[in-house]
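Read the structure below first, then the notes.
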Amino acid sequence: MERRIFLRCIGCGAVAMAAVNAKIWPDFLGGSGPAYAAGYTKALSSKEARYYKKLPEGGIECGICPRHCRVTDLERGYCGTRENHGDVYQTLVYGLPCAANIDPIEKKPLFHFYPGTSAFSLATAGCNVNCKFCQNWDISQSRPEQTDNMELAPSRVPQICIERNVPTIAYTYSEPTIFYEYMYDIAEAGHKNSIRSVMITGGYIESEPLKNLLPMLDAVKVDLKAIRPEYYKNIVNGELKPVLDAIVQIKNSGKWLELVYLIVPTLNDTEAEFKELAQWIKTNLGTDTPLHFSRFYPQYLLKNLPPTPQATLETAHSICKDAGLEYVYLGNLPGHPAESTFCPQCGKILIERRGYKIYQNLLKGNRCYNCNHIIPGLF
Amino acid sequence: MKRPAFLLGLYSIGGQVLLLRELVSSLNGDELFIGTALVGWLLAVAIGASFGGRKRGGFRINHLFIAGSVILPLSLLLIRTVPSYLIITAGEIIPFSTAAVISILMMSPVGIISGMLFSSIASLGYRPSESIIQAYLYEGIGAFVGGVLITLLVGTLYSALSMAFLLAIATIVINYTTPRLRKSAPAIILILIAAVIIKFSVPPLDKYIDQRKYRPYQVAISYDTPYGHQVILSRDSTLTLMTDNTVEATYPDLMTSENILLPPLLYTGDSARILIIGRAEFGPAQLADSLPGIKVTAVDPRMSLTARLNKLGITGAGAIRIDDEPFRFIGRANLLNRYDIIIINSGEPDNYRSGRFLTERFFNLCRLILKEKGMIFLPTNYDSDRYISPEKKTLLAELKNTLSRSFRFVAGWPGDMTLFFASNDSLFNLSPDSLIARSRRLGYSSQYMNDIYLSDRLQSAKIDRLNDALTVTSDFNSIDRPTLIFRQALYRAKTGSIDKWLLPFIYENHLWLYLFPIGIIILFGFSLIHRQKRRRIGLCLYFTAGLVSLSLELISFYLYQSSAGSLYSEMGFLIGVFMLGLSLGTYMASKLEPERLEIPSLLMLLISIILFLLTHDKVAMYALLYYYLFFLFTMALATAGIFVAATNRYYFGRSESNRGLGYAFEIIGSAIGALLPTTILLPIIGLTGVLISLIAVIVLAVTMAAITS
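One line per chain: the protein sequences are A and B, in this order. When the first sequence is numbered by this note's numbering, its final residue is 385 and no position is left out of the sequence of numbers. When the second sequence is numbered by this note's numbering, its final residue is 865 and no position is left out of the sequence of numbers.
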C-alpha cells in the first residue's frame, strides 16, 4: 500500500467516525420544571438596562456598581448579566429568576423586621463580586444561560405573595444590584399591592441607583464582609469603601438596616477587626443597628477551610457588646442565647429565637414589655 | 547489571508510588488527576530513557542513583509546600488544571532519572536484546520488592516522607555495596540504623510542615494512614479533621451530626441499631450518647482515632468502632444481627475510592444486612435548599437512580445537605407534618431538626423541586459505568476559570477521543508500509504491551477496589504479583525461540482479557483476591512475552541502537493506558466497551505480527 492511499483511508475513516459521533454517545443533559412558574426557559431578556452611558469612543460604561465596567459591542459586564447590543445596554435577566423560595424572614437574617413572618425570596444568576466563600456560588457565579430560569413577570410576584399569604419580597441569594431593573419593578408592583420589599445585598452599588431604589424598599440587610480593604481585594474581588458609603447612605435614608458579618476563620476573625467593626458601626450608624455574626461553612473555593469555631463567634459577640452595640446576634448556632433579642435597658429577653423559630415575642408594639424602652425596627 | 537493575526497580516503583500518593493527598486528586500525574511520570521516564539511550555507554549509574536519592525526598517536600504558595487564601481549593501542571512538574525529575537509569543499565551488556531483557527482569524483581515494602510500611510504620528518606538512603547504600551477601552485612546494619533514626526523626518534620501549612491553627496530631495523610487541627476549642488537605469533620458541629444521625430516626422511631460507614468519632458518636435506645456501630478502614481523641478530650462511648474495610465487614457480618439503618457517610464521590460506596453493588451488599424494614440513609453535601444547578441535578438524580435499583422506595429531603432514604418497605409515606410531629417526640431536644427548621426544609415547593430534579436523567452509577465521579469532576470544575472549559471538553466533547484509535491505526499502518517493517512492528508491539498492560492493571485495581474494598495490604500483593509476573515472564520468554513467542503471547493476553470480560462480575467475594492475582499474573506473563518478542524484533543484530527507544514506545503506550481507560473512557463507554477496545488493539497487533513474521 502506498503512503498516500494509506493516509487517504485514514482521513475517510476519521470523517466517518466523526459523523456517527452524535449517534453513539449518550446525552447527559436533561431539564425539568420549576416550582413557581410554568416551565424553564433558556431565552434571555433584552430589556434596556438603567444607569449606563455611551462612550464617545464607542461602547458603554455601566454605572450600576462601582466597578464601572466599560463594555464594547456584544460584550458583557463583570456580572455577566448585562450586555451591550449596539451601544444599548441590556439586562439579560429581567423576569428570569433562577431561584424562588418562601423563607422565614429570620433566614435572611432580619431580626427586627416583622419577626416570625416569611419572605418570597428570589434571585437571578450573576453577581458583581466573586467571594471565595459564596454559599450561593451555583447562582452567583453562573451566567444566566447556564442556570435553569423561570419566566416570572414583575407583576406576577406580588400575586404569588398574596396567594400564599407572604407579606414580603426578598431580593437575595445572589447580588440584587445586578438585576436592579427587575427588583425595582417588582418592588414597585409590590407596594401597589401592600407587599413589602427587602434587599439582601453586599452593598456594592453606586450611590445614584441606590438613592432611587431606596424609596421602593422597606428594609436592607447588608453583608459587610470585612472591615479591612485587603480582604475585599483578595477574598471578595471588590472594594470596601463603596460598601461602607452605601451602608451609611441606607442608614441616612431612614430605611431599616441590619448588618451581617460572616466570620471566615483565619481571614477576618481577629479581635482587632471586631473592635474596628464595632467602632465603625458606633460612629457611622449608631449603637442600635443590629449586627449579626454568621458562621462560615466550607463552600465554593474555600472548601478546605473548617467552619467557624463557636468560641470565635462568641468572642466577636462579646467584643461588640462591650463596645456598646446594643443588638448583636450570632447566626447558625441554634439554641445559643445570642440568637434572641434582649432589652438593652433592662436586660429582659424580648424575642426568644432558636434557629428560625420564635418561641416567644414579648414586645408591646415596638417597646419592651418591662421597661417600655423603644426597640428599633419594624414589628 | 543485576544489582543496578534491581535497585532501579526498587527506586522507581517507590518513587512513583510515594510521589503519586503525596500529590493526591496534597492536591485533592481525583482519577483524572491520577491519570494525568501517571502520564507525567511515564512521559518523563520515556524522555529519560530516550535521552539516556542516545549517550554511548549511558550515564554514570552511580551518579544517577545519588541524584535520584536526593531528588526524591526533595520532590515530596516540594509537593507538600508548593500548594501553599500557589493559593492566595488558606483553605482555597486548587483547580484541576493547576494541580495537573504541578503533578507533571513534580513527577518529572524522578521519572527522568528512572528513564535515564534504565537505558544506562541496559547499555552495560554487549548485545542490546539480551541486556534489555536482563534489565527488564531484574527491574521487575526490584519493583516487586519495592511495591510490597512501600504498601506494607507506609501508613503503618512510616509516613510517606519517612519512607522517601529511607528509600533514598537505602538506594545509595545498596548502590555502593558489594553484591556478595557475606560482605553486605555492614550495609544492612547501616540501613537498619537509618530506618530507626528516620522512624523517630521525620514525624516531627511532618508535623512542622503541617504547622506551617495550617499556620493559624494548632496542629494537634499529624499522621499517615495507609489511605492518605490526616491532621487534627485545633483552634478556639474546635477540632477539625483534615484528610488529604480537605475538611472531613469538625467537632463540635452539631448541624452536621444531627443531619447524619437524626433524620432516619424520624422514619424508624428512636430505637434502632445503626451502622455508619465512615468516621463517627467527630460528632455522630457523641450525639449517639444523647439518644436513648440507639446502638451505633461505625466501620471505617482507617485507623481508630478514639485513643488520640480521648487525649484531646473528645469521647464518644456510644459508638462501637470497627477498623475494617466496609466491603469485608459486610461480607462477614452476622446475618442474625441485622441493622435498622445503614448510614453511608463517605463524603462526596471525588474519586473511585469514595465513590465505591455509592454503587448498586454496595447498596445490594448493604441490603443483605438490613432488617426487613431497614433503610439506607445517604446524607450528601449537596445544597438543594434554594436552587439546584443543572450539574447538581444530574448528580442527585444519579444517586437516586442508583438507590432505586436496589430498593423499591427512595425519598429525598432538600436542604443545605440533601438527604436520601431508601428501603424496601414503604416507610416514607409520611407527610412533612407527621415528620415534624415525630421530631417533637424524639428523646432528644434537637437544634436543627426542630419543627420550624423542618417545616422550612420540607416545604412542598422545595420537595417538588428536588423530586423534579431527580428525574433529569435515567443514568445510574455502576461498577461497569462509574459516571458519578466524572459528574462530580464536572461540578467541581465550575469553580475554576480554566477547569470549567477544560473538563467539559474532556468529558462531554468526545470527538478528540477518536484521535487515539486513529493514532494507533496510523502507527501500525506506517510501520507496515515501512521498508524495515519487521523491525518497526517491534516498536508497535512495545506500544501495545504498554497500553494493554497498564490499562488492564488499572482496571483490575479499580474493579478490585469497587467490589472487594480497598485494603492496602491486598493492593500491595496485586501490584507485587503483577511485577513478579513481568519478571518471571521476561526470564521464561528469554529462554524461548523469539519467533515462536510473539503470537502466542499476544493470544494469551487476548484470551485472558476475553475470559476476564466474561467472568469478572460472577466471582464470589471470598475468591476475588485469588481471581485478580491470577488474572494479573497471567496478564503480566503474556506482557513480558510481548516485551521480549518486541525487543528481539527491534534490536536483534543492532548493537548501536538507541536502547531506550523501545522502552520509550512502551511508556507512551502505558501513558495512554494510564490516562484513557479508567479515567476517561470508563464513565463514557463503560467497562465492557473499554475491554472490547483493548481486545481490538490486540487483534490488530496479532494481525500485524502475523503479516510480518
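Where is the CB? At the ideal position from N, CA and C, for every residue including glycine. Remember, predicted model here, so these are calculated numbers, not experimental data.
*Can you say whether A:His91 is buried or exposed, counting buried as having 16 or more other CB atoms within 10 angstroms of its CB?*
On the first sequence, position 85 is the one that residue 91 of chain A refers to. Flag for A:His91 reads exposed.
*Would you tell me roughly how many angstroms separate the C-alpha atoms of B:Phe321 and B:Ser168, rounded to the nearest one?*
By 1-based counting over the second sequence, the position of residue 321 of chain B is 165. By 1-based counting over the second sequence, the position of residue 168 of chain B is 12. C-alpha separation (whole angstroms): 14 Å.
_Helix, strand or coil for B:Tyr604? Go by DSSP, reduced to three states._
To locate residue 604 of chain B, count along the second sequence from 1; it is residue 448. DSSP places B:Tyr604 in coil when its eight states are reduced to three.
*Please compile the residues from chain A whose C-beta is within a distance smaller than 9 Å of the C-beta of B:Ile848.*
In the second sequence, the residue the question calls residue 848 of chain B occupies position 692. Going along chain A, no residue has its Cβ under 9 Å from B:Ile848, so there is no contact; the nearest lies around 13 Å.
*Beta-carbon separation of A:Ile6 and A:Thr174 under 9 Å?*
There is no way to answer for residue 6 of chain A, as the model of chain A reaches only from 7 to 385.
*asked:* Taking its Cβ as the centre, do 16 or more other Cβ atoms sit within 10 Å of B:Phe438, making it buried, or is it exposed?
replied: Position 282 of the second sequence, counted from the start, is the residue given in the question as residue 438 of chain B. Label assigned to B:Phe438: buried.
*Using DSSP with H/G/I as helix, E/B as strand and the rest coil, what is A:Met156?*
Indexing the first sequence from 1 puts residue 156 of chain A at position 150. Here A:Met156 sits in strand by DSSP.
*Could you work out which residues of chain B lie near A:Cys337, taking near to mean beta carbons separated by less than 8 Å?*
Mapped onto the first sequence, residue 337 of chain A falls at position 331. The amino acid occupying residue 337 of chain A in the given sequence is Gly; Cys does not appear at that position. Correct list: empty, because the minimum Cβ distance to chain B is about 12 Å.
*Would a check of beta-carbon distances place A:Gln387 closer than 9 Å to chain B?*
Chain A is shown only over 7 to 385; residue 387 of chain A falls outside these bounds and no answer can be derived.
*chain B contacts made by the region 86-110 of chain A, where a contact means CB separation under 9 Å*: Cys104, Ala105, Ala106, Asn107, Ile108, Asp109 and Pro110
_Is there a Cβ of chain A sitting closer than 9 Å to that of B:Asp479, yes or no?_
Taking the second sequence and counting its residues from 1, one reaches residue 479 of chain B at position 323. Cβ-Cβ to chain A under 9 Å: no for B:Asp479.
_Three-state secondary structure assigned by DSSP to B:Ala428_ = Position 272 of the second sequence holds residue 428 of chain B. The answer is strand: DSSP assigns B:Ala428 an E or B state.
*If you draw a straight line from the alpha carbon of B:Thr307 to that of B:Pro638, how long is it in whole angstroms?*
Position 151 of the second sequence holds residue 307 of chain B. Position 482 of the second sequence holds residue 638 of chain B. Distance between the alpha carbons of B:Thr307 and B:Pro638: 26 Å.
*Return helix, strand or coil for B:His219, following the three-state DSSP convention.*
Counted from its first residue, the second sequence places residue 219 of chain B at position 63. Helix.
*Under 9 Å, do A:Pro296 and A:Gly383 count as touching if we go by C-beta distance?*
Here residue 296 of chain A is taken as the residue at index 290 of the first sequence, counted from 1. Here residue 383 of chain A is taken as the residue at index 377 of the first sequence, counted from 1. A contact, by the Cβ cut-off of 9 Å.
*For A:Asp154, which residues in chain B fall below 7 Å Cβ to Cβ?*
Locating residue 154 of chain A in the first sequence gives position 148, counting from the first residue. The contacting residues are Pro546.
_Alpha-carbon spacing of A:Gly37 relative to B:Phe787, whole angstroms_ = Along the first sequence, one-based indexing puts residue 37 of chain A at 31. Along the second sequence, one-based indexing puts residue 787 of chain B at 631. Any reading at A:Gly37 is ruled out, since the residue's pLDDT is 37, under 50, leaving its predicted position unreliable.
*Alpha carbon to alpha carbon, how far is B:Ile258 from A:Asp144?*
Position 102 of the second sequence holds residue 258 of chain B. Position 138 of the first sequence holds residue 144 of chain A. The alpha-carbon atoms of B:Ile258 and A:Asp144 are separated by roughly 27 Å.
*In whole angstroms, what is the alpha-carbon distance linking B:Val201 and B:Gly296?*
Along the second sequence, read from residue 1 onward, the residue named residue 201 of chain B stands at position 45. Along the second sequence, read from residue 1 onward, the residue named residue 296 of chain B stands at position 140. When rounded, the distance between both Cα atoms is 15 Å.
*Should B:Met262 and B:Ala205 be called a contact, given that it needs their Cβ atoms to be closer than 9 Å?*
Counting from 1 along the second sequence, the entry for residue 262 of chain B is found at position 106. Counting from 1 along the second sequence, the entry for residue 205 of chain B is found at position 49. In this structure, B:Met262 sits away from B:Ala205, with a CB-CB distance that is not shorter than 9 Å.
*Got a sec? Which residues, its chain only, sit under 6 Å from A:Tyr303 by beta carbon, not counting five neighbours each side?*
Your numbering for residue 303 of chain A matches position 297 in the first sequence. Result list for A:Tyr303: Pro313, in chain order.
_Does chain B have any CB closer than 9 Å to the CB of A:Asn240?_
Translated into the one-based positions of the first sequence, residue 240 of chain A becomes position 234. So, interface residue.
*Please report how far the alpha carbon of A:Ile184 lies from the alpha carbon of A:Asp191, in whole angstroms.*
The count along the first sequence starts at 1 and reaches residue 184 of chain A at position 178. The count along the first sequence starts at 1 and reaches residue 191 of chain A at position 185. Distance between the alpha carbons of A:Ile184 and A:Asp191 is about 14 Å.
*Which residues bound the beta strand (DSSP E) around B:Arg391?*
As a position in the second sequence, residue 391 of chain B is number 235, starting the count at 1. Segment Gly384 to Arg391, the beta strand (DSSP E) holding B:Arg391.
_Coil, strand or helix - B:Asp456 by DSSP_ = Residue numbering aside, residue 456 of chain B sits at position 300 when the second sequence is read from its first letter. In this structure, B:Asp456 counts as strand in the three-state DSSP scheme.
*In the structure shown, what three-state DSSP assignment does A:Pro62 receive?*
On the first sequence, residue 62 of chain A is found 56 positions in, with the first residue counted as 1. When DSSP states are grouped into helix, strand and coil, A:Pro62 belongs to the coil group.
*Just the chain A side, please: which residues come within less than 8 Å of B:Pro372 by C-beta, in chain order?*
As a first step, residue 372 of chain B must be located in the second sequence, where it is residue number 216. Pro271 and Thr272, listed in chain order.
*Just checking my contact of B:Glu187 with B:Asn507 at CB under 8 Å: how many whole Å lie between their CB atoms?*
Looking up residue 187 of chain B in the second sequence gives position 31. Looking up residue 507 of chain B in the second sequence gives position 351. Between B:Asn507 and B:Glu187 the Cβ distance is about 6 Å, and since that is below 8 Å, they are a contact.
*Taking only beta carbons into account, state which residues of the region 602-613 of chain B come closer than 8 Å to chain A, listed in chain order.*
Gln603, Tyr604, Asn606, Asp607, Ile608, Tyr609 and Asp612
*Report yes or no: is there a C-beta of chain A within less than 9 Å of the C-beta of B:Ser393?*
The sequence position of residue 393 of chain B within the second sequence is 237, counting from 1. Interface residue, yes.
*State buried or exposed for A:Ser213, treating a residue as buried only when at least 16 other CB atoms are found within 10 Å of its CB.*
As a working note, residue 213 of chain A is residue 207 in the first sequence. Counting Cβ neighbours within 10 Å, A:Ser213 comes out exposed, since fewer than 16 surround it.
*How close, in whole Å, do the beta carbons of B:Ile478 and B:Thr453 come, if the pair is a contact with beta carbons under 8 Å?*
One-based indexing of the second sequence puts residue 478 of chain B at position 322. One-based indexing of the second sequence puts residue 453 of chain B at position 297. Contact flag correct, Cβ pair sits at about 6 Å.
*Quick one: is A:Gln141 near chain C, going by C-beta distance under 9 Å?*
In the structure shown, chain C does not exist; the protein chains are A and B.
_When you compare the region 549-568 of chain B with the region 653-660 of chain B, are there three or more beta-carbon pairs, one atom per stretch, that lie closer than 8 Å?_
no
_Cα-Cα separation between B:Ile251 and B:Tyr647, rounded to whole angstroms_ = Counted from its first residue, the second sequence places residue 251 of chain B at position 95. Counted from its first residue, the second sequence places residue 647 of chain B at position 491. Ile is not the amino acid found at residue 251 of chain B; the sequence shown has Pro there. Each residue's Cα considered, the two are about 12 Å apart.
*Could you name the residues of chain A that B:Pro408 contacts, counting a contact when the two beta carbons are closer than 8 Å?*
Locating residue 408 of chain B in the second sequence gives position 252, where the first residue counts as 1. Here the neighbours are Gln316.
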